[in-house]
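**Student:**
Protein chains in written order, with this note's numbering: chain A, 21 to 368; chain B, 37 to 425.
1. Starting from the beta carbon of residue 344 of chain A, find every residue of chain B whose beta carbon is closer than 9 angstroms, and list them in chain order.
2. Within this structure, are the beta carbons of residue 171 of chain B and residue 298 of chain B separated by less than 9 angstroms?
3. What are the partner residues of residue 103 of chain B, as DSSP defines its beta bridges?
4. Which same chain residues, not among the five before or five after residue 142 of chain A, have their C-beta less than 7 angstroms away from its C-beta?
5. What is the DSSP secondary structure of residue 342 of chain A, counted as helix, strand or coil?
6. Between residue 209 of chain B and chain A, is the shortest Cβ-Cβ distance under 9 angstroms, so that the two count as touching?
7. Starting from the C-beta of residue 325 of chain A, find all residues in its chain whose C-beta is less than 8 angstroms away, skip the five residues before and the five after it, and write them out in chain order.
8. When the distance is taken between beta carbons, is residue 38 of chain A closer than 9 angstroms to residue 348 of chain A?
9. Sorted by chain position, which residues of the same chain lie with C-beta nearer than 8 angstroms to residue 198 of chain B's C-beta, five sequence neighbours on each side aside?
10. What number of angstroms, rounded off, separates the C-alpha of residue 84 of chain A from the C-alpha of residue 70 of chain A?
11. Helix, strand or coil, according to DSSP, for residue 244 of chain B in the structure here?
12. Comparing C-alpha positions only, which one of B/232, B/414, B/408 sits nearest to residue 18 of chain A?
13. Could you pull out every residue in the same chain whose Cβ sits closer than 6 angstroms to the Cβ of residue 308 of chain A, ignoring the five residues on either side in sequence?
14. Rounded to whole angstroms, what is the Cα-Cα separation between residue 198 of chain A and residue 313 of chain A?
15. Mind checking whether residue 103 of chain A and residue 344 of chain A have CB atoms under 9 angstroms apart?
16. Could you check the C-alpha separation between residue 118 of chain A and residue 27 of chain A for me, to the nearest Å?
17. As an exercise, report each continuous alpha helix (DSSP H) stretch of at least 4 residues that is fully enclosed by the stretch 223-308 of chain A, in chain order.
18. Nearest by alpha-carbon distance to residue 94 of chain A: which of A/110, A/217, A/61 is it?
19. Consult DSSP for residue 195 of chain B and reduce its assignment to one of helix, strand or coil.
20. Can you list, in chain order, the residues of its chain whose CB lies under 8 angstroms from that of residue 358 of chain B, leaving out five sequence neighbours each side?
21. First and last residue of the beta strand (DSSP E) that includes residue 97 of chain B?
22. Going by beta-carbon coordinates alone, are residue 212 of chain A and residue 127 of chain A separated by less than 9 angstroms?
23. By the DSSP assignment, the beta strand (DSSP E) with residue 87 of chain A in it spans what residues?
24. Buried or exposed for residue 351 of chain A, going by 16 or more other Cβ atoms inside 10 Å?
25. Roughly how far, in whole angstroms, is the beta-carbon of residue 406 of chain B from the beta-carbon of residue 144 of chain B, given that I think they are within contact range, below 8 angstroms?
26. Can residue 218 of chain B and residue 258 of chain B be called in contact, C-beta distance under 9 angstroms?
27. Could you have a look at residue 359 of chain B and say whether DSSP puts it in helix, strand or coil?
28. Using a Cβ-Cβ distance cut-off of 9 angstroms, determine whether residue 237 of chain A contacts chain B.
29. Thinking residue 175 of chain A and residue 400 of chain B are a contact (beta carbons under 8 angstroms), I'd like their distance in whole angstroms, please.
30. For residue 114 of chain A and residue 171 of chain A, I'd like the C-alpha separation in whole angstroms.
31. Got a sec? Which residues, its chain only, sit under 7 angstroms from residue 37 of chain B by beta carbon, not counting five neighbours each side?
32. Chain A partners of residue 393 of chain B, CB-CB under 7 angstroms?
33. List the residues that DSSP assigns as beta-bridge partners of residue 129 of chain B.
34. I'd like to know if residue 181 of chain A contacts chain B, where contact means its C-beta is closer than 9 angstroms to some C-beta of that chain.
35. What residues in its chain sit with their C-beta under 8 angstroms from that of residue 275 of chain A, if we drop five residues either side in the sequence?
36. Tell me the residue span of the beta strand (DSSP E) that contains residue 274 of chain B.
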């Protein structure tokens, strides 16, 4: 099977999974009372007083099948309800808040992966020596730390005590410039890049300074995953025949490790990319809440807590649906990359 | 095998299972990390058991942290206790200080250990039980039932655990009317038809399918013929915040076990000893319970011990987000959540209120670390490909 055929087949396979994701969210909606469910169909704050009307229009008292038809057609039109905590429709709020989250992920993901691979390789090469013990201990500590407590501790040390890295997304000067001065153009929504494009490098620096602590939290929490997989696959590669052959050929240790063992050991790391995506999606909910960054993660957390004990149902379900879809697509991309690198996969 | 011959084996020390157990114990003693894990969990278990002695409770619900006044700001460790009843018990000082609202941190940490064990053990036990049944069905019988179960686990696993748990916690109603009559009748019909099917010489998956068919028929009759779910014996139950967390985490957790157990069963199903026991005429249940499970349970045990830590972390995160344990409940996550306002309070000394967030944090961290160390040690010791090396 060629790569093209494989990709087409794999893309077709996600349709049932996506449908399942949508069905599961629908099943969750069925746990609410009709009045709570009605909030999923509201488009503006004005409609919040017309709950009974909505229950009637969308047949919320009728059988599950009728309800699913209505709900699904609304979903296809992109209507996920109105979020009271964001004071905007769910879709709109999501697009508004996505860049802040995306920026956080864009910075922490490459550092996590590269540093994780480096530490994993070092750990395997120096097996049962000091670097191995240190990295393994750090990994198990990273596994056991509650994300929110780590964030709080980092903030206590680096903000409350030392005053180096403040929380939130940017300082007052930067936010005044962006929202008040009127000379700011949004190009990408990512403030670090837009700062440079606007010719205001100080904004980029300010945003970067604010991002140090949340990025650090995400890295510490997720790096253990990459490190462990890299270590074990590197250990396996180091025992393979071609590595012994390379050593016998008289190559230096650096060459053997970098050119022969590490390249082959990298493939299994991709299998955890899906888990890493999940880790990041969960991680942003906590880190954005701790560091007060206005992204989708904090929005979901606030929505779950709700205002006055009433949870913002459309926001939480919309966010859950979003993460489910992101996760499915992340796995799709991983599978395709895997098939591209390792032709044997396509034959299975 | 008679009990007597088993005893003889035991006395002579030739019982293989006992040998394996001894070997495992020896391995645990040899690895310093696993000793650390065992010690940490042992200490926490002792704290949980001795909680009423270490921190006597004065309220009707011991899981609510005890109030000593209603101080608006936290008070440092060593502050004398003003409540005369507690003083008479010989407990005079707030060892770990007082959190906002006069809540004693020491009390919360001690009883929080019980909460942590309760959450971890219950959620993992439910996950294991459901995972065992569904994993065995999927792995042993394969076919349509395998396909349906696996697609379902795919979907649940397509969500990050915390996020799905968040949605479930807010979706679960506070008052839940459960029709126990309906559930009981459904179980009776299901099991009854399986027994009838077996006595009618149906083999393999077919008695189960017959039971399933009866179940579906019963639900359809109850819903559509008798009216929208026809009530038989309805009993309302009240779900506390913590019960919701338990249910949500259990619902999120079981598919992982199902997949691991199914994979293990697929691995051993084709082994000669399974074929042999089939040839001798053992029943499916006996083959699964006596021949397949003992040979495939190890990875699940490892997973469960690692999972207790992970479940406690998830529950703490839910508490931190304000949808887990209620304020004042003896739960470490909730205590840290309560302490958030005191991290940068603007006080001259930034560490002035350190005890409100560092002490409960250390408790969570140590608890999870203990389980992770134990799980890691189990992984190396119980893995059959590594254990004799």
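Every residue, glycine too, gets a C-beta built ideally from N, C-alpha and C. All of these numbers come straight from a predicted model, not from anything done at the bench.
**Tutor:** Per the coordinate set shown:
1. 191, 194, 195, 196, 199, 200
2. yes
3. B/139
4. 151, 155
5. helix
6. yes
7. Answer for residue 325 of chain A: 331, listed in chain order.
8. Residue 38 of chain A sits close to residue 348 of chain A, with the two beta carbons spaced by under 9 angstroms.
9. Sequence-distant partners of residue 198 of chain B (beyond 5 residues in either direction) whose C-beta falls short of 8 angstroms from its own C-beta, in its chain, are 350, 353, 354.
10. A straight-line Cα-Cα distance of about 22 angstroms links residue 84 of chain A and residue 70 of chain A.
11. helix
12. There is no way to answer for residue 18 of chain A, as the model of chain A reaches only from 21 to 368.
13. 315, 317, 318
14. 16 angstroms
15. No, they are not a contact pair.
16. So the two alpha carbons sit approximately 28 angstroms from each other.
17. 261-268, 282-285
18. A/61
19. coil
20. 373
21. Residue 97 of chain B -> no beta strand (DSSP E), and no H or E assigned at all.
22. yes
23. It is not in any beta strand (DSSP E) - residue 87 of chain A instead sits in the alpha helix (DSSP H) that spans 84-96.
24. buried
25. With 8 angstroms as the limit, residue 406 of chain B and residue 144 of chain B do not qualify as a contact, their Cβ atoms being about 19 angstroms apart.
26. yes
27. coil
28. no
29. At roughly 17 angstroms, the Cβ-Cβ gap does not stay under 8 angstroms, so residue 175 of chain A and residue 400 of chain B are not in contact.
30. 24 angstroms
31. Caution is warranted here: a pLDDT of 48 is assigned to residue 37 of chain B, below 50, making its placement in the model unreliable, and the coordinate value is therefore given only provisionally. No residues qualify anywhere along the chain.
32. 172
33. As computed with DSSP, residue 129 of chain B is found in a beta bridge with B/116.
34. yes
35. 266
36. 270-274
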